[in-house]
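Encoded as structure tokens, the structure appears first; notes follow it.
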């Protein structure tokens, strides 16, 4: 099954020869990345290794010094705003919910901007997205400042899903969350990936997320990206990757992996 | 390409249940094929095509009791599309020919326990008016008591700093004098000249019919020295430094830096508020004097241009028109204005709660309140000087 799919599938997101430089400091040196439709890919790296810049490059928010990013075989900077909105959705680290709007209005904003749906339909869709993100419709009336950390992530995820994008970019979806809430978010990502078929790109240094839900992991080490399955990366002899995946914190994540894959 | 073959259980399970083809056209249209009793849908059924589909369905009212929709031609389905189909199904329509890859999505959406978004109870206009009025009055009362409390705390802190020499942070004070005073010199000088020019033009126009245009110099000199110099300077400083005080302290408050000071046993009043207040109280009178000089210079320019009065004649005229009293009346107001501008700026900075958005709100409030207070105080001073006969 897997082999057949692999032969057939064209990458939905592909980056080629990405170079990012800030002043004299080079952050990315000719990075390449292919993401296949329907997979969950985790991008990991140490603090300051340029994960966030890479995410901004992939979403077209940052223009790289060299190289190009293609989404659905189109160059990202040639895609129109409406088209882009239905291709990619981004969950920002702090949620980036508009504080002047209620949660439901936040979700309805892209619908209002890009579709001709009636107000009631927009509300109905917003309620559905909230439900999909694991929140009740009553939360819709709240303002973002009234939400807890986990709820903010869920609400922001619901907004990112507003136009049913093909690719979901998640910037540190589990940061600043307690372990229980964090695993709730992990489960939600996995559920959305399975049920909606949405491709997910996660930037994270949460080992449990990498170990339990990511199909492939891209490690940002020494300005380069090493992309492989976790099992292969675990056997890597690159010292930083080895340290990262075998450190004291990785043990717990490994247990979680065994548990979740055992059950799944 | 890297492969993820051999991942075992980690391979993406969604690939075989993908509801959508991998690269369909992005803005598809839906075509309705009306085959008698049965309606055939073709193309992509999604959030963009939904309004169109709905309109077309409305134009074809169901024949008989219920309608049947054939979905075998639907190439794409997203969640709003599935929601729409589920609603139709609930309304009695029969859906046939559902593609297997769409079935999962339909089941998922159909299985959600959807409740409508709660509606906020609308408040009638008259009640909202009353509520706003009450809130406004309450806010004004709170503000007044807060300002009074803060004035008390600030005077206490300044007094202690003056008694305990060590608590007076001279480097910090000198930095604030530079920020609020020296850096404001160019803009305040320019404004003072401009104001003198404006007053000069207006006076000449009004006084010329009476042949009294020479009194323009009196008007410019007296109004600049008594009122305009200090008022323009205070308003400028309220906008420039009052807002800076709020923003600086507010950001520190939002980032818990103020709490950190407190935990370390350093009094925020002493390190944040006192140096700013003292710095401003020193800087504003000096700025006012500078503005007075520049205003008189502007008066000289306008006299030369409109009245053809030379600089020496002008100075001689000013000496007779205005005396030290006028200068003193203007300058004595400056430290009072400075104190209140600083108080308002610092108080609003310390009022910031949590988010970064609150810094912006408080800054706006501080500037409006500081300028308002400066003008109110100026009016009070006018009354006071009138009664005292100065």
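Chains as they are written, first to last, in the working numbering: chain A, 52 to 315; chain B, 410 to 799.
Quick reminder that beta carbons are idealized off the backbone N, C-alpha and C, glycines included.
Beta-carbon separation (whole angstroms), residue i vs residue j, contact threshold 8 Å
{"i": "residue 65 of chain A", "j": "residue 121 of chain A", "result": "5 Å"}
{"i": "residue 759 of chain B", "j": "residue 667 of chain B", "result": "7 Å"}
{"i": "residue 690 of chain B", "j": "residue 637 of chain B", "result": "21 Å between Cβ atoms; not a contact."}
{"i": "residue 706 of chain B", "j": "residue 629 of chain B", "result": "Incorrect: roughly 11 Å between the Cβ atoms, too far for contact."}
{"i": "residue 217 of chain A", "j": "residue 94 of chain A", "result": "About 18 Å; that fails the 8 Å criterion."}
{"i": "residue 645 of chain B", "j": "residue 596 of chain B", "result": "6 Å"}
{"i": "residue 181 of chain A", "j": "residue 190 of chain A", "result": "6 Å"}
{"i": "residue 188 of chain A", "j": "residue 524 of chain B", "result": "4 Å"}
{"i": "residue 144 of chain A", "j": "residue 226 of chain A", "result": "6 Å"}
{"i": "residue 128 of chain A", "j": "residue 111 of chain A", "result": "6 Å"}
{"i": "residue 79 of chain A", "j": "residue 70 of chain A", "result": "6 Å"}
Whether residue i touches residue j by CB criterion (8 Å)
{"i": "residue 213 of chain A", "j": "residue 161 of chain A", "result": "yes"}
{"i": "residue 764 of chain B", "j": "residue 196 of chain A", "result": "yes"}
{"i": "residue 542 of chain B", "j": "residue 634 of chain B", "result": "no"}
{"i": "residue 750 of chain B", "j": "residue 643 of chain B", "result": "yes"}
{"i": "residue 532 of chain B", "j": "residue 495 of chain B", "result": "no"}
{"i": "residue 647 of chain B", "j": "residue 776 of chain B", "result": "yes"}
{"i": "residue 662 of chain B", "j": "residue 560 of chain B", "result": "no"}
{"i": "residue 142 of chain A", "j": "residue 220 of chain A", "result": "yes"}
{"i": "residue 90 of chain A", "j": "residue 267 of chain A", "result": "yes"}
{"i": "residue 178 of chain A", "j": "residue 497 of chain B", "result": "no"}
{"i": "residue 174 of chain A", "j": "residue 155 of chain A", "result": "yes"}
{"i": "residue 506 of chain B", "j": "residue 481 of chain B", "result": "yes"}
{"i": "residue 621 of chain B", "j": "residue 752 of chain B", "result": "no"}
Where residue i falls: helix, strand or coil (DSSP)
{"i": "residue 570 of chain B", "result": "helix"}
{"i": "residue 126 of chain A", "result": "strand"}
{"i": "residue 199 of chain A", "result": "coil"}
{"i": "residue 73 of chain A", "result": "strand"}
{"i": "residue 149 of chain A", "result": "coil"}
{"i": "residue 776 of chain B", "result": "helix"}
{"i": "residue 503 of chain B", "result": "strand"}
{"i": "residue 277 of chain A", "result": "strand"}
{"i": "residue 481 of chain B", "result": "strand"}
{"i": "residue 447 of chain B", "result": "strand"}
{"i": "residue 249 of chain A", "result": "coil"}
{"i": "residue 583 of chain B", "result": "helix"}
{"i": "residue 270 of chain A", "result": "strand"}
{"i": "residue 93 of chain A", "result": "strand"}
{"i": "residue 213 of chain A", "result": "coil"}
{"i": "residue 65 of chain A", "result": "strand"}
{"i": "residue 121 of chain A", "result": "strand"}
{"i": "residue 675 of chain B", "result": "coil"}
{"i": "residue 79 of chain A", "result": "strand"}
{"i": "residue 84 of chain A", "result": "strand"}
{"i": "residue 796 of chain B", "result": "helix"}
Exposure of residue i, with buried meaning 16 or more beta-carbon neighbours within 10 Å
{"i": "residue 547 of chain B", "result": "exposed"}
{"i": "residue 98 of chain A", "result": "exposed"}
{"i": "residue 76 of chain A", "result": "exposed"}
{"i": "residue 172 of chain A", "result": "buried"}
{"i": "residue 659 of chain B", "result": "buried"}
{"i": "residue 537 of chain B", "result": "exposed"}
{"i": "residue 554 of chain B", "result": "exposed"}
{"i": "residue 781 of chain B", "result": "exposed"}
{"i": "residue 433 of chain B", "result": "Note on residue 433 of chain B: pLDDT 43, under 50, position unreliable in the model; the coordinate value appears next. It is exposed - the Cβ of residue 433 of chain B has fewer than 16 other Cβ atoms within 10 Å."}
{"i": "residue 723 of chain B", "result": "buried"}
{"i": "residue 549 of chain B", "result": "exposed"}
{"i": "residue 435 of chain B", "result": "Note on residue 435 of chain B: pLDDT 48, under 50, position unreliable in the model; no value is reported."}
{"i": "residue 565 of chain B", "result": "exposed"}
{"i": "residue 725 of chain B", "result": "exposed"}
{"i": "residue 230 of chain A", "result": "exposed"}
{"i": "residue 6 of chain A", "result": "Outside the modelled stretch of chain A, which goes from 52 to 315, sits residue 6 of chain A, for which no answer is possible."}
{"i": "residue 233 of chain A", "result": "buried"}
{"i": "residue 224 of chain A", "result": "buried"}
Minimum Cβ-Cβ distance from residue i to chain E less than 8 Å
{"i": "residue 480 of chain B", "result": "In the structure shown, chain E cannot be found, because the protein chains are A and B."}
Please list the residues of the stretch 483-495 of chain B that have a C-beta atom closer than 7 Å to any C-beta atom in chain A, keeping them in chain order.
Listed by position, the residues of the stretch 483-495 of chain B near chain A (Cβ gap below 7 Å) are 487, 488, 489 and 492.
Can you give me, in chain order, the residues of the stretch 455-468 of chain B that have a beta carbon less than 9 Å from any beta carbon in chain A?
The stretch 455-468 of chain B vs chain A, Cβ under 9 Å: 455, 456, 457, 459, 460, 461 and 463.
Name, going along the chain, the residues of the stretch 203-218 of chain A whose beta-carbon falls closer than 7 Å to a beta-carbon of chain B.
From the stretch 203-218 of chain A, only 214 and 215 have a Cβ closer than 7 Å to chain B.
Under 8 Å, CB to CB, which of the residues in the stretch 568-592 of chain B have a partner in chain A?
Those would be none; no residue qualifies.
In the stretch 507-524 of chain B, which residues sit with their C-beta less than 8 Å from some C-beta in chain A, listed in chain order?
Sequence-ordered contacts of the stretch 507-524 of chain B with chain A read 513, 514, 517, 518, 521, 522, 523 and 524 [C-beta pairs closer than 8 Å].
Note down, in chain order, all residues in the stretch 279-308 of chain A with a beta-carbon under 8 Å from any beta-carbon belonging to chain B.
Within the stretch 279-308 of chain A, the residues whose Cβ lies closer than 8 Å to some Cβ of chain B are 279, 280, 281 and 282, listed in chain order.
Relative to chain B, which residues along the stretch 177-203 of chain A have a C-beta separation below 9 Å, given in chain order?
From the stretch 177-203 of chain A, only 177, 178, 179, 180, 181, 182, 183, 187, 188, 189, 191, 192 and 196 have a Cβ closer than 9 Å to chain B.
Using a Cβ-Cβ cut-off of less than 9 Å, list which residues of the stretch 739-772 of chain B approach chain A; keep chain order.
So the list reads 763, 764 and 766, given in the order they occur along the chain.
What residues in the stretch 155-174 of chain A bring their beta carbon closer than 8 Å to a beta carbon of chain B?
When C-beta distances to chain B are compared with 8 Å, the residues of the stretch 155-174 of chain A below that value are 155, 162, 165, 166, 167, 168, 169, 172 and 174, in chain order.
If the cut-off is 7 Å on Cβ atoms, which residues from the stretch 128-151 of chain A count as contacting chain B, listed in chain order?
Under the 7 Å Cβ criterion, the stretch 128-151 of chain A contributes 134, 137 and 150.
Along the stretch 524-541 of chain B, where does the CB come closer than 7 Å to a CB of chain A? Name the residues.
When CB distances to chain A are screened at a threshold of 7 Å, the residues of the stretch 524-541 of chain B falling below it are 524, 525, 526, 527 and 529, in chain order.
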